[in-house]
């Protein structure tokens, strides 16, 4: 794909070369995210960080990635403060807001809304999550994390054995990650969910058509054996038809250190798109895993920064300028960053 | 008026020379808003963007205008997160917040509240909208748009024929625009509204006293003939005594391409203070006008940026420094901007 | 204490030398807060301004303090937009958010929450208020104000006579201030409250043990006589078991100019942690005191800026660099600032 000036709406825009391009630029961003240097390459540029659905983590992550490149952020974080509630169309919102910024990140609860918004926008738009549909930067940071973790174990993404656990029906992170992983060779997917929350059939068909292996199960213990990566998900309660139906699945699969030790291979990496539900009756990833060095969930969020920086830099065509406009950090940074 | 250090509370502060001053500075801001150059003239300065009533568009527009001059924005976007709900007076809020910033933009639902706030503020305050009362930057951007559109048609604001359509009673944008237009010569106002939503009598009296013509009507088709500008408004439902009363007027006047073609002169410019209500039963400006080159509604919002930049620059006395602290933009800007 | 890289969670971290260190750096910040110069020492640094409880004043004050040092702010201002409502633990929130910023200010309604958050954070955390527990920067700015006001009257903090008025049970500002004042010599505390809202016994015991004098009373008039400082507080209605119970105390103590003139010594300084409740039936500090030159409440909030700047600069170890990266302000600043 051509990155310059492009919208990023779906992982299906990316082929394997595109993914490699993003990851190569992300690697270049590491010293800036790790606070060894600062760059001011986007000084004077404005991000419109438009979150029309509650979010702290993703909104702040995009904003920080932009700040780390030197730019300014203007943002909104709720639908009710918006003209949308006065009947404004996404078309109008996009025409107006795209006059105010150099690039827009948008989240909205309705599937397809970001694409509609992007069609009317005068600046590039990155999908920050549209309902149960897509969240491409999450899938990219997940894949980037998988690649980094595998490299550290002298393995490759090709040949990966990944176990996906939990609500595979409503979890957009899982859907997008399956699409991206399918770009690689010889992936083995172990899909672990209750029957009602299976990965939708079209994803399974696509995965198989691209030559990968799929094994489905409703049993956690057998499903997670032999995995390089365990990708555990929260029940997406807010996407269920009813709260009652959602609660039936709360706490169904719970990974803790005991189960990990008994059923997983020694260096199986544990991932999660976050937030994990740490309420006692949910706890899909137990707190007792927090000191497990293979728990990669916070390396994931750290990686989110460099992936988002890379997307910004590629779309706005500044990758070659970053090192020219860089200088050392002169304040205390301590042991802040997991990145390396 | 003296701009340096001044509050901007009402359009009645402006005479025609003042308007010309703002517009001349706005013209100078065009290359910065159009991303040909950046300026950092307000680097280190802080805008207090205090919106105590829901708003995305106007809040973001002021924030971006400030960022485009190099400054930082601190903001609030809701009343319930504020000390105001704990019984704090506007006096106290103003004394405190004005210690934190170099200038404040304030929106509040109560008419007169911004003036009360400004009286206690230690820094200049711009009224970002106080209930049904005033929203001076909106009126300035509307007039600036009218001027630009007329220039493009080799016409002038003097002698303008403008049709104002819809809820003329509660629409503060209409009220303020009438005040500003009255500073010019020989304006013909065609006021189109249901009898209950007429422009308040005092505005009509003022317009006539200043030598302009007023014609009132409840009929859209006859009212819009011969207009240079059609200024269409949304029913300000939130200002009505009851929701039921507001809904009686929804969808009363609906301009679409067919009506435009049949009843308007060929180059009649279509304006709207936005948001337009695009719900099926409202739709005061139909979506089928979106490709009409005379639809100026997004040129209005783009013009809002340069008008707000101009106000900031004039109040803080930096107009002469802007070009000295300017440099080229080095990131992708694409076809972002309607400004020219 | 060692400031570099440290969390600031409680006033009990500070001894008198530490307080003097903060105040000395705060003094150096005055020209920047007063807009004589700007410094860009934290250009490229990011503050995570995480307010999980409604606040405008304190949130904006921390953000501005950071901006005045040249840094960028990413923030959140409500709990409901947060992953916390999806069951995320404070541990997870801290691990994630601390990957996005160089320092975090956090406010949360639960006592102890900020400490729990800080334990998991990879960057320094400043407590911006955790329920009824602590709000150390408020106590520091209060004490700094007392010191400045006493210096102006050629007095010292040692030997101070302070009257604390109102809800002394739930007011965390009062609790923390008592702790800090106890570091000085020979303080006389006059505690004025209804019996049910007395200062908790453990504070009184601590104060006395450190050699200070305590006098309790439920009578405003006698209690405020002979005070150098009157520190008046709002009833912390949101911390009461029930709204009914809170309302019983509304308006119980009301200081106005008449009472001040009759019962106070001529130059008694009036302070309040703000917001003051200016509703007619509360009005613990009457508006008729607004022109009283001894009303120091807005000098307090102004002082908050330099105290917060000092904390940031000390924690991030940039105090020695500030003057090197400084330049004059070139925009209109008028008579903005009370600081001197």
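Chains as they are written, first to last, in the working numbering: chain A, 275 to 614; chain B, 275 to 614; chain C, 275 to 614. Just so it is clear, CB atoms sit at the ideal spot from N, CA and C, and this is done for glycine as well. Keep in mind the model is a prediction, meaning the values are calculated, not measured.
Check the Cβ-Cβ distances between residue 579(C) and every residue of chain B, and say whether any is below 8 Å.
For the purposes of this step, residue 579(C) is identified with residue 305 of the third chain, where counting begins at 1. Cβ-Cβ to chain B under 8 Å: yes for residue 579(C).
Could you spell out the range, first to last residue, of the alpha helix (DSSP H) harbouring residue 532(C)?
For the purposes of this step, residue 532(C) is taken as the residue at position 258 of the third chain. Segment 531-537, the alpha helix (DSSP H) holding residue 532(C).
Quick check: what's the CA-CA separation for residue 550(B) versus residue 404(A)?
Sequence index remark: in the second chain, residue 550(B) carries index 276 (1-based). Sequence index remark: in the first chain, residue 404(A) carries index 130 (1-based). Their Cα atoms are separated by approximately 24 Å.
Is residue 611(C) close to chain B? Criterion is C-beta to C-beta, closer than 8 Å.
For the purposes of this step, residue 611(C) is taken as residue 337 along the third chain, with counting starting at 1. With a pLDDT of 42 at residue 611(C), under the threshold of 50, the modelled position of that residue is not reliable, and the figure given next carries that caveat. Output row for residue 611(C): interface = yes.
Check for me: the beta strand (DSSP E) holding residue 437(C) runs from which residue to which?
One-based indexing of the third chain puts residue 437(C) at position 163. Segment 435-439, the beta strand (DSSP E) holding residue 437(C).
In the DSSP assignment, what residue or residues form a beta bridge with residue 464(A)?
Taking the first chain and counting its residues from 1, the one referred to as residue 464(A) is at position 190. DSSP output for residue 464(A) lists 437(A), 489(A) as bridge partner(s).
Report all residues from its chain with a CB closer than 6 Å to the CB of residue 319(A); omit the five preceding and five following residues, and keep chain order.
Stepping through the first chain from its first residue, residue 319(A) is reached at position 45. So the qualifying residues of the chain are 345, 376.
Simplified DSSP assignment, three categories, for residue 367(A)
As a position in the first chain, residue 367(A) is number 93, starting the count at 1. Of the three classes helix, strand and coil, the one that applies to residue 367(A) here is helix, per DSSP.
Return the chain-ordered list of same chain residues with a C-beta closer than 8 Å to the C-beta of residue 561(A), the five sequence neighbours on each side being excluded.
Residue 561(A) sits at position 287 when you count from the first residue of the first chain. For residue 561(A), where only same-chain residues beyond five positions count, the Cβ hits under 8 Å are 552.
Would residue 362(C) pass as an interface residue toward chain A - the criterion being a Cβ-Cβ separation below 8 Å?
Along the third chain, read from residue 1 onward, the residue named residue 362(C) stands at position 88. Closer than 8 Å to some Cβ of chain A, the Cβ of residue 362(C) qualifies, so yes.
Alpha helix (DSSP H) segment containing residue 562(A), residue limits:
The count along the first chain starts at 1 and reaches residue 562(A) at position 288. Element bounds for residue 562(A): n/a, residue is neither H nor E.
Does any residue of chain A have a CB that is nearer than 8 Å to the CB of residue 312(B)?
Residue 312(B) sits at position 38 when you count from the first residue of the second chain. For residue 312(B), the answer is yes, since a Cβ of chain A falls inside 8 Å of its Cβ.
Simplified DSSP state of residue 305(A), which is helix, strand or coil:
Working through the first chain from its first residue, we reach residue 305(A) at position 31. Looking at residue 305(A) - three-state DSSP - the assignment turns out to be helix.
Please state the DSSP three-state secondary structure of residue 448(C).
The sequence position of residue 448(C) within the third chain is 174, counting from 1. Here residue 448(C) sits in helix by DSSP.
Can a CB atom of chain A be found closer than 8 Å to the CB of residue 595(C)?
Taking the third chain and counting its residues from 1, one reaches residue 595(C) at position 321. Yes, its Cβ sits closer than 8 Å to a Cβ of chain A.
Output needed in chain order: residues of the stretch 385-415 of chain B with a Cβ under 8 Å from some Cβ in chain C.
396, 397, 398
Give a yes or no on whether the C-beta atoms belonging to residue 401(A) and residue 408(A) are separated by under 8 Å.
Walking along the first chain from the start, residue 401(A) turns up at place 127. Walking along the first chain from the start, residue 408(A) turns up at place 134. For residue 401(A) and residue 408(A), yes; Cβs fall inside 8 Å.
Under 8 Å Cβ-Cβ, which residues of chain A neighbour residue 548(B)?
By one-based count along the second chain, residue 548(B) stands at place 274. Residues of chain A passing the Cβ test: 357, 362, 366, 370.
Excluding the 5 residues flanking residue 615(A) on each side, which residues of the same chain have their C-beta closer than 6 Å to its C-beta?
Here chain A covers residues 275 to 614 and nothing more, so residue 615(A) does not appear.
C-alpha gap between residue 499(B) and residue 524(B), whole angstroms:
In the second chain, counting from the first residue as 1, residue 499(B) sits at position 225. In the second chain, counting from the first residue as 1, residue 524(B) sits at position 250. Cα to Cα, the separation comes out at about 23 Å.
According to DSSP, simplified to helix, strand and coil, what is residue 290(B)?
Looking up residue 290(B) in the second chain gives position 16. It is helical.
Between which residues of its own chain and residue 569(A) is the CB-CB distance below 6 Å, once the five residues before and five after are set aside?
The residue given as residue 569(A) occupies position 295 in the first chain. Correct list, in chain order: 544, 563.
Residue 267(C) versus 451(C), 495(C), 460(C), residue with shortest Cα-Cα distance
Residue 267(C) is absent from the model: chain C starts at 275 and stops at 614.
Just tell me which of 360(A), 350(A), 351(A), 317(A) has its CA closest to the CA of residue 340(A).
Numbered from 1 along the first chain, position 66 holds the residue referred to as residue 340(A). Of the candidates 360(A), 350(A), 351(A), 317(A), the one whose C-alpha sits nearest the C-alpha of residue 340(A) is 317(A).
Could you say if the stretch 585-595 of chain C and the stretch 292-299 of chain C meet the contact criterion of at least three C-beta pairs nearer than 8 Å?
yes
Please return the same chain residues whose Cβ sits closer than 8 Å to the Cβ of residue 328(B), not counting the five positions on each side in sequence.
On the second chain, position 54 is the one that residue 328(B) refers to. Hits under 8 Å: 351, 352.
Just curious, the alpha helix (DSSP H) that residue 521(C) is in, first and last residue?
Locating residue 521(C) in the third chain gives position 247, where the first residue counts as 1. Taken as a continuous stretch (DSSP letters only), the alpha helix (DSSP H) holding residue 521(C) covers 517-521.
How about the stretch 443-457 of chain B and the stretch 286-297 of chain B: do they share at least three Cβ pairs that are nearer than 8 Å?
yes
Could you work out which residues of chain C lie near residue 592(B), taking near to mean beta carbons separated by less than 9 Å?
Taking the first residue of the second chain as position 1, residue 592(B) is located at position 318. Neighbours of residue 592(B) on chain C, chain order: 604, 605, 606.
Have a look at residue 422(A) and residue 307(A) and give me their C-alpha separation to the nearest angstrom.
Counted from its first residue, the first chain places residue 422(A) at position 148. Counted from its first residue, the first chain places residue 307(A) at position 33. Distance between the alpha carbons of residue 422(A) and residue 307(A): 16 Å.
Taking 7 Å as the limit between beta carbons, can you name the residues of its chain near residue 598(C), skipping five residues before and five after?
Against the third chain, residue 598(C) aligns to sequence position 324. Here the set comprises nothing.
So, is residue 614(A) buried or exposed, given that buried needs 16 or more other C-beta atoms within 10 angstroms?
As a first step, residue 614(A) must be located in the first chain, where it is residue number 340. Residue confidence is low: residue 614(A) scores 39 on pLDDT, short of 50, so the model does not pin down where it sits. No coordinate-derived value is stated.
Does the separation of the CB atoms of residue 503(C) and residue 581(C) fall below 8 Å?
Locating residue 503(C) in the third chain gives position 229, counting from the first residue. Locating residue 581(C) in the third chain gives position 307, counting from the first residue. No, these two residues do not count as a Cβ contact at 8 Å.
Is residue 532(A) close to chain B, meaning its C-beta is less than 8 Å from at least one C-beta of that chain?
Sequence index remark: in the first chain, residue 532(A) carries index 258 (1-based). Cβ-Cβ to chain B under 8 Å: no for residue 532(A).
Please classify residue 510(A): is it buried, with 16 or more other beta-carbons within 10 angstroms of its beta-carbon, or exposed?
To locate residue 510(A), count along the first chain from 1; it is residue 236. Per the 10 Å Cβ criterion, buried.
Quick one: what does DSSP say residue 613(C) is sitting in, helix, strand or coil?
Here residue 613(C) is taken as the residue at index 339 of the third chain, counted from 1. Bear in mind that a pLDDT of 41 at residue 613(C), under 50, signals an unreliable position, so the number given afterwards is only what the model happens to contain. Residue state, collapsed to three classes: coil.
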